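Residue numbers (the working numbering): -5 to 1154. Structure, as structure tokens:
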Amino acid sequence: MRSMEYVFSCVVLFALSTLAAAQAGMGSIAGVVSDPSDAVVQGATVTAKNSATGAVRTATSAEGGNYTITSLPPGEYSVTVEKTGFSKLTFDHLTVSTSLVVPLNAQFRIGATTENVNVTVDTVAPIETEDSQVSNLVDSERMKALPLITRNPYELVLLSPGTSSASSSLGGFNVNGARERNNNFLLDGVDNNDTSVPGIPGGALAANPESTEEFRVITNNFNAEYGRDTGAIIDVVTKAGTNQFHGGAYWFGRYDKIGGARDWFNRAADGPRDPYVRNQFGYSIGGPIWKNKTFFFFNQEFQRFPTARTNAAQVPLQAFKDGLFTFNGIDDNGDPISRTIDLRQGSADNQTITANYELFNGSGVTSIPADPTMQKIFSLYPQAAFETGDGFSGVTFFPSSSNQRSYQATGKLDHHFTDSEYLSFRYSYNDLKDPNSGAASALPDNVGAASLKAIATGGVATLTSNLRPSLINNFSFGWNHIFAGFGCDGLNVLDSAFPVDQFGNGTDFATNPFTSVGCGGLLSDGQARKTGTISFGNTLTWVKGAHTLKFGGDFRNVKESGDNNFNSRRQPDTRIGTATGGGFDSAGIGVSDPALNDAIAAYYGFVVSDLQAQFFDKSGVRKGSDNKDFRQREGSVFVQDSWKVRPNITFNFGVRYQFNGVPYEVHNNLSNLLTDPRTFPVVFSTVGPGTGHQLFNDDYSNVEPRIGFSWDPFRDGKTAIRASFGIFHDRIFGNLFGNARGNPPFEQDYSTFVLDTIGNAFDTGGFPLATPDQIPSASVPDGALLAPVIFDTHFRNPVTNSYFFGIQRNLPAGLVLDVSYVGNNSHHVFRVFDANPPDPVRVAALVAFCSDPNNEFGCVPGQVSSLRLYSGADQGILPFNGVAHNAIGRNTFSAALNKSDGNANYNALQTKITKRFTRGFQMQGSYTWAHSIDDANDPIVAGTGQVNFVRDALLPALDRGNSDHDIRHVGVINSVWELPLGAGRTHWNQGVMGRVLEGFEMTGILTMQTGHPFDVIGTRDSQRVGRVSRGDVIGDPFAGGGTFSPGTKVFFSNNRAAFTSPAFDTFPTIGRNFFHGPSFVNLDMSVSKKMKIWEKTSIELRLEAYNLLNHANFNNPGDDPGLVGNQVGSAFFGQILSQLGRPDGTTGARQLQMAAKFVF
């Protein structure tokens, strides 16, 4: 492996020194020079001068009259075209944007060379006659003018057709059916991606509108110079200095008490509205150090953001905590039941429950008390806002507070050695701290809150060299580095119950069905990671006649180190109803309801199992964390040609080869199961340099051809018919393979079946039990209860075949219409399986055993489902082994087998209409009608309410259905309107009134889209595959519509009787993501006034309204953690208990933001 990567690296570096990587961040001008008779003109001199810096570039028209000026920094240019015998042509105020070829045809007039003819650039239609990419530009003016609630310019990605906001916790966006992880963020032409956790919008380094010149979103069939991912290319360009000093200072403020509306679930009766305070302020300055030679730009921004939002939690009712309540539910015969239950010590129910628990340990105890520790835990729960109807649980809403403080700095330095040699350097720094990131605490007082500390730095150096007018070289070196540390709040409350171990790890409590109290196994005692990428790239552009050729490549060295520490805190588990699959009356009260059985066990503190992870290095020494140090080496080479076949036809074609090295751990502290996981004992193999094994095999098949054309059928530059096809590959991200760090022998999890109360009521030896000393071993015997992360040795990079056909047309009144069909077909998509699913033969044998009414265990066929399939003699649940070997699969976890055999497809009609800025008005509207289908969710972070695993590992095709991001209709309109009032305008343009009314501007973004899909799941494992099956529909689910009651309940369906769980040994009648949730409608607007102080100095006052109409947009059923609103039979089924919030964690209700800016 290492030798192959070394050879490849040498080849790439050699190519960089002699040839050329992506020329992102630059633009081009291209066109055809002709005479008055339309004959092409060879030998004309075309000169482009940057209006801001004075930099000059020239080209000469070739035999076919065509010319190309490449590698131009974005900005405004003056272009002149000269040839003896003709009048000189001048095009002023021509805008060049990043990653786009600006078409500029020039037709001479007969006249003296000294005669100058000025051509209005407005007559040049912005039709893409030179390019076959699908893209959308967001320029600086729109970034600064449009309302942005977080002032994150990446929010404006959603202005582009084919984009939609994702439903997962990453908060990113999907583009043309691709997962949110599949987008490639570039900053000034170099890698700006979080390689470990992709999908978070903005990449590694954040930006703000004051530091960003513009960015382009390339959504489909990008040229061969781009690669790495299959989603969008988001190419961001930082602002630069010019020959004029410019800059300013600004402040933006948002406060709940000024114009803020209440969250739907935060009624006046609930007390004060959710508080939030957001202050963002900063300054920027740029200008010349040496006129026409050296320029600088610097921006600093600060954020102070204390806020709170309303969270929901399932809590025990006071009657339950007192030990006397009335249960309402379904009995074992399926009939409604209402039964008073008395849990108090000495009662008949108490003695019955004690006797049932006593069966597990044979201690002879006849009556047990409420557990004192659990009573302390119950005291952390607030009173319920409303009851669920089961008699023992309710839901409470509480404010969760966060206090984010962040800082950004960006500096850029540009130097022109000559007009032919240009050097640019940019450095960025981000710092963020928040004690309760996302205001996502599980309970009041920030219990279970996740603290965050993050620092990101990065920079780029780019050297552009005009070796001669037709030969240009662009070399770039870039790096980024991210530190992210996550902690858990409320530990002082939890760790007072039990002492910490020698590594400082405390105890969490799984108190199902109530919201768990603690950090959770995945957050545990905190995580930390350091990731970074060092990249080199070079592109050589050669204009040869009708061809514009590009040769290039890049190399990326990716590093990731850190620790997850999953399950490092002790986890006593009282979920006996869940552990027995819900088909077992563990309390002996005549009801097999798992939630009730779990609640009763929590009341008594009856611990089923105790879990904790122990970490080791390759020498077998126990460590306090599972720290790992990963590396990946990646590279690519490409060749691309833009061929002007005729003056009105351009072909774009090329090929790219991408190689992504297999990740490895520097110290070989990584393993994988390289044999059949169904063969026992399983033996894991250490993988990495020098071991003779890799995590998976190298993938050498990533060849990516690209071809497309743009045709101007009427030869007037006002129409373009375009089409293209390309193949693209994704990389393997760090979070995916990093979770394999816990494989044997580097992690040994002990799971002790306590079967006693926390207070040791059954006198089995006390709790907590002594932590057993583990001996790390790569060989895992049957019964070891393992949950590893395994990779298929034939793991490959996902591949997408992308294609589109579209028409652009320039219309009257400055309008441009763009209509396209866009399609993607993806294969080898990442998905995760249960590595050791239940064997159908053994399932049938167990069903037959339990069908005998005289069987020795007393089980019935209905109990052969869900987690019971994994429970055997090793767990004391059945008198024989489970239908899946117990070495793999413990409690609610299963071995994760990562494979790349998923499939997806996407088809869409995408339209865009753009009104160029004329007469003070600019508008863009887009509409997308799309359908996205796949057969797998994201293997790490599925859409909210979804699961990561394929439900039936033996029949994965059953998971084919609507994608998590299947948004059928999306419409977005954005506009900027300078009101025609005041001096120099149409109305009231004289005197005092003219001065008062001048400078007003209105902007807005209107978004309308249909809802995200979601699953309806049943209450049992009908297919007997170890996972709860999807539900059945037996009636009209929408009969009677839905109910919307402010502050209480929202039902997506009033006819909940139309849903049921499938019968055993049957398949559900509804597929994956069958239903779609509530639609989304939002209007953001702003009003601003610019007041001129001096000629080039002004003050701007702004008022922005977000969700101006205060339209309530709701999450899907099941999006509220732990409340299973999408599960048939749940007390919360069909309920929506949260309003869709803003990206910064604040309420989705109306908010107002004020701002003031000083600009010079």
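Cβ atoms here follow ideal geometry from the backbone N, Cα and C, with glycine treated the same way. Everything numeric in this text was worked out from a predicted model, so none of it was measured.
- Between the C-alpha atoms of Asn791 and Ser278 there is a straight-line separation of about 42 Å.
- Under the three-pair Cβ rule at 8 Å, the segment 231 to 247 does not count as touching the segment 260 to 270.
- Sequence-distant Cβ neighbours of Asn662 in its own chain, meaning closer than 8 Å and more than five residues away, are Lys612, Thr680, Val681, Gly682, Pro683, Gly684, Thr685.
- An exposed status is given to Ala1057, since fewer than 16 other beta-carbon atoms sit within 10 Å of its beta-carbon.
- In this structure, DSSP gives Arg700 an extended state, which the three-state scheme calls strand.
- Within a 10 Å sphere around the beta-carbon of Val835 sit fewer than 16 other beta-carbons, which makes this residue exposed.
- In the structure shown, Cys844 falls within a helical segment according to DSSP collapsed to helix, strand and coil.
- Counting only runs that start and end inside the segment 1025 to 1098, the beta strand (DSSP E) elements of at least 3 residues fall at 1074 to 1088.
- Fully contained in the segment 237 to 317 are the following beta strand (DSSP E) runs of length 3 or more, in chain order: 240 to 249, 271 to 284, 288 to 310.
- The C-beta distance from Val1019 to Asp1113 rounds to 25 Å, too long to meet the 8 Å contact threshold.
- Of the candidates Asn897, Asp706, Gly985, the residue whose Cα lies closest to the Cα of Arg954 is Asn897.
- Residue pairing by DSSP puts Phe632 in a beta bridge opposite Gly546, Arg650.
- When the alpha-carbon of Ala772 is set against those of Leu667, Ala889, Pro376, Gly197, the nearest one is in Leu667.
- With contact defined as three or more Cβ pairs closer than 8 Å, the segment 548 to 567 and the segment 625 to 638 are in contact.
- Ile721 is the residue among Glu122, Phe1068, Ile721, Asn691 whose C-alpha sits nearest the C-alpha of Ile701.
- By the CB criterion at 7 Å, Thr525 and Ile476 fall inside the cutoff.
- Listed as beta-bridge partners of Ile784 by DSSP are Leu891.
- Annotation: Pro699 to Gly546 spans about 15 Å, alpha carbon to alpha carbon.
- Contact annotation: Ser814 and Phe798 have beta-carbon atoms nearer than 7 Å.
- Shown here, Lys712 sits in coil according to DSSP, grouped into three states, outside any helix or strand.
- Nearest neighbour of Tyr421 by Cα position, chosen from Gln402, Ala434, Ser414, Leu437, turns out to be Gln402.
- Judged by beta-carbon spacing, Gly21 lies beyond the 7 Å limit of Asn99, meaning their Cβ atoms are not closer than that value.
- Counting the other CB atoms within 10 Å of its CB gives Arg735 a total of 16 or more, which places it among the buried residues.
- For Asp812, the enclosing beta strand (DSSP E) starts and ends at 809 to 828.
- With contacts defined by Cβ atoms closer than 7 Å, Pro657 and Asp604 do not form a contacting pair.
- In terms of CA proximity to Lys315, Ala364 leads the group Ala364, Gln1147, Asn468, Asn968.
- Taking the Cα positions, Val1075 is about 14 Å away from Leu152.
- Distance from the CA atom of Ala313 to the CA atom of Phe319, rounded to whole angstroms, is 5 Å.
- Within the model, the alpha-carbon separation for Val309 versus Thr382 is close to 10 Å.
- For His475, DSSP records a beta bridge to Thr451, Gly526.
- Judged by their CB atoms, Val75 and Val115 are not nearer to each other than the 7 Å cut-off.
- Distance from the Cα of Pro300 is smallest, within the candidate group Pro429, Asp1078, Gln101, for Pro429.
- Per DSSP, the continuous alpha helix (DSSP H) segment holding Thr346 begins and ends at 342 to 352.
- Gln345 and Tyr597 have their C-alpha atoms roughly 14 Å apart.
- Per DSSP, Pro366 is one residue of the alpha helix (DSSP H) stretching across 366 to 372.
- Closest option to Arg1021, judged by alpha-carbon separation, among Phe1069, Ala42, Leu948: Leu948.
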